[in-house]
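To keep things clear, I will list the structure first and then write my remarks on it.
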């Protein structure tokens, strides 16, 4: 039965209403995150499409390497060797690299645009931003803040870059001109 006793058994809530309220809040948060991701993706796609400039090939190659490494790890987690995967896909590593090039170029271009916008808008990570992010990671992983800092080690810079990226995208979303969708005939 869906009652207060059920709520006590499956959660730390004393009442079914409290459990429902928590679940409603979680679902709302997921919906907001999903909508933000969609708006962010659309906005970045438009930004990339509106800006043409030559990309440093060394960055593109580095990104292709990263995509290739991610794929190797994913395939490995699936219990398949990389050689077996290439045989099954009937592709050489060079063909796979070629397949990744467009995505790598999009990622590099997006990163360069976001970095330039952040620089021009003077968007930076504040100590409060960093503390909030470290606190969120500590809660997420159930570890003390100091342990999170230790685990991040040299990757703390990537965390700072991620905060700047998020703040820049948030600024772009705030300033974006929203145009209502039109029904196509």
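In this note's numbering, the protein residues as written are 4 to 188.
No residue lacks a Cβ here, since even glycine has one placed at the ideal position from N, Cα and C.
Alpha-carbon to alpha-carbon, residue j and residue i
i, j, result
"residue 120", "residue 161", "18 angstroms"
"residue 185", "residue 33", "27 angstroms"
"residue 19", "residue 28", "14 angstroms"
"residue 75", "residue 24", "42 angstroms"
"residue 131", "residue 183", "36 angstroms"
"residue 60", "residue 54", "17 angstroms"
"residue 89", "residue 83", "10 angstroms"
"residue 8", "residue 142", "28 angstroms"
"residue 42", "residue 86", "38 angstroms"
"residue 101", "residue 95", "10 angstroms"
"residue 68", "residue 122", "27 angstroms"
"residue 17", "residue 4", "15 angstroms"
"residue 62", "residue 12", "53 angstroms"
Short Cβ contact (7 angstroms threshold) for residue i with residue j
i, j, result
"residue 167", "residue 128", "yes"
"residue 151", "residue 140", "yes"
"residue 66", "residue 111", "yes"
"residue 179", "residue 47", "no"
"residue 108", "residue 58", "yes"
"residue 22", "residue 10", "yes"
Proximity to residue i [Cα-Cα], best of the options
i, options, result
"residue 97", "71, 171 and 19", "71"
"residue 149", "137, 143 and 15", "137"
"residue 103", "73, 86, 145 and 164", "73"
"residue 49", "37, 15, 116 and 86", "116"
"residue 163", "126, 37, 144 and 92", "126"
"residue 169", "157, 118 and 91", "118"
"residue 64", "99, 133, 12 and 174", "99"
"residue 174", "133, 13 and 124", "124"
"residue 133", "144, 157, 91 and 165", "165"
Span of the alpha helix (DSSP H) around residue i
i, result
"residue 119", "96 to 124"
"residue 179", "Unbroken run through residue 179: none, as it is neither H nor E."
"residue 6", "Taken as a continuous stretch (DSSP letters only), residue 6 belongs to no alpha helix (DSSP H), as it is neither H nor E."
"residue 130", "130 to 144"
"residue 60", "60 to 80"
"residue 28", "19 to 53"
"residue 151", "148 to 155"
"residue 93", "Here residue 93 belongs to no alpha helix (DSSP H), and DSSP marks it neither H nor E."
Sequence-distant residues of its chain with Cβ nearer than 6 angstroms to residue i (five each side left out)
i, result
"residue 31", "none"
"residue 135", "none"
"residue 172", "43"
Same chain only: Cβ atoms within 8 angstroms of residue i, ignoring 5 sequence neighbours per side
i, result
"residue 39", "176"
"residue 79", "85"
"residue 181", "none"
Neighbourhood of residue i by C-beta, 7 angstroms cutoff - its chain only, sequence neighbours within 5 removed
i, result
"residue 6", "19"
"residue 147", "141"
Closer than 6 angstroms: residue i CB and nearest the ligand NAP heavy atom
i, result
"residue 31", "Here there are no bound small molecules, and the ligand NAP is not part of this structure."
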